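Asks:
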Amino acid sequence: MQDDTPAEGLSDPIENTAPAAGLAEILAPHLSVVFCGLNPALTAHRDGHNFSNRSNRFWRVLHLAGFTPRLLRAEEEREMLQYGLGLTSAVSRPTKSASELKKSDYIAAAPVLEEKIRRLAPANLAFLGKAAYAAISLRADIEWGRQPEAFAGTSIWVLPNPSGLNRAFDLAKLTEHYREVKLAVEGERVLIK
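Take the sequence shown: its letters are residues 1 to 193, numbered as in my numbering.
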């Protein structure tokens, strides 16, 4: 059963930083899940909204996995906060493709991300793709799903990147991976009550 009620106390975000001009992070303290993209796409930077490229499946997968009660549009990204969700990027520099980033870009950006996550203390941080977390953790053997270690005191997940360029995962497979996080979050809520 999916919980469609907004998370309590999350309607007033304290974060609205723009890592790339015109593109805001969607963050607040103590969120259930912060999704961490590799970096902003040039289209998102241009449009001023995360995951704005029509070929990107992030918003659809978020809905299909049960995180949102309806399909949000990129322009409605701030509504994520109502559901205890947030967005950030491992690297703030926009590129046409994440393949333009090097391991050193992720390593250089890691202290900023770590400080941000430690300060905001989300329950879960979900990296969208293996590249950022592999570089930050200095591990080459990253598997999909929950990771055995924490990052900045937060549980870590590594999920397939929802980019339309990621042909290795169709919509059903993407949804399956994201739903695993959703079910874990629901389990955490039950344990807290």
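Using N, Cα and C, we set each Cβ at its ideal position, and we do this for glycine too. All of these numbers come straight from a predicted model, not from anything done at the bench.
1) Closest to A134 by C-alpha separation, out of G164, A24, A152, K103, would be which residue?
2) How many angstroms separate the CA atom of G187 from the CA atom of L23?
3) Please state whether the Cβ-Cβ distance between A126 and Y106 is less than 7 angstroms.
4) Comparing alpha-carbon positions, which option in T175, L81, A110 lies nearest K138?
5) Between P122 and G86, how many whole angstroms is the CB-CB distance? I'm expecting something under 8 angstroms.
6) Which residues in the same chain have their Cβ closer than 8 angstroms to the Cβ of G153, if we skip the five residues on either side of it in sequence?
7) With distances taken between CB atoms, is the gap from H45 to E75 smaller than 7 angstroms?
8) Rounded to the nearest angstrom, how far is the Cβ of F151 from that of P160, given a contact under 8 angstroms?
9) Give me the Cα-Cα distance between L183 and R57, rounded to the nearest whole angstrom.
10) Which residues does DSSP list as the beta-bridge partners of T154?
11) In this structure, does DSSP put T68 in helix, strand or coil?
12) One question on the structure: do T88 and E149 come within less than 7 angstroms of each other, judged by their Cβ atoms?
13) What is the rounded straight-line gap between the Cα of R78 and the Cα of L165?
14) Please name the residue in G37, K173, L62 whose C-alpha comes closest to that of A98.
15) In terms of residue numbering, what span does the beta strand (DSSP E) encompassing T195 cover?
16) Take the Cβ of K173 as the centre, count every other Cβ of all protein chains shown within 10 Å, and call the residue buried at 16 or more, exposed below.
Replies: The short version:
1) K103
2) 32 angstroms
3) no
4) Position check: residue 138 holds Leu in this sequence, whereas Lys was assumed. When each option's Cα is compared against that of L138, the closest is A110.
5) 7 angstroms
6) I117, R118, A121
7) no
8) 19 angstroms between Cβ atoms; not a contact.
9) 20 angstroms
10) F151
11) coil
12) no
13) 25 angstroms
14) G37
15) Here the chain covers residues 1 to 193 and nothing more, so residue 195 does not appear.
16) exposed
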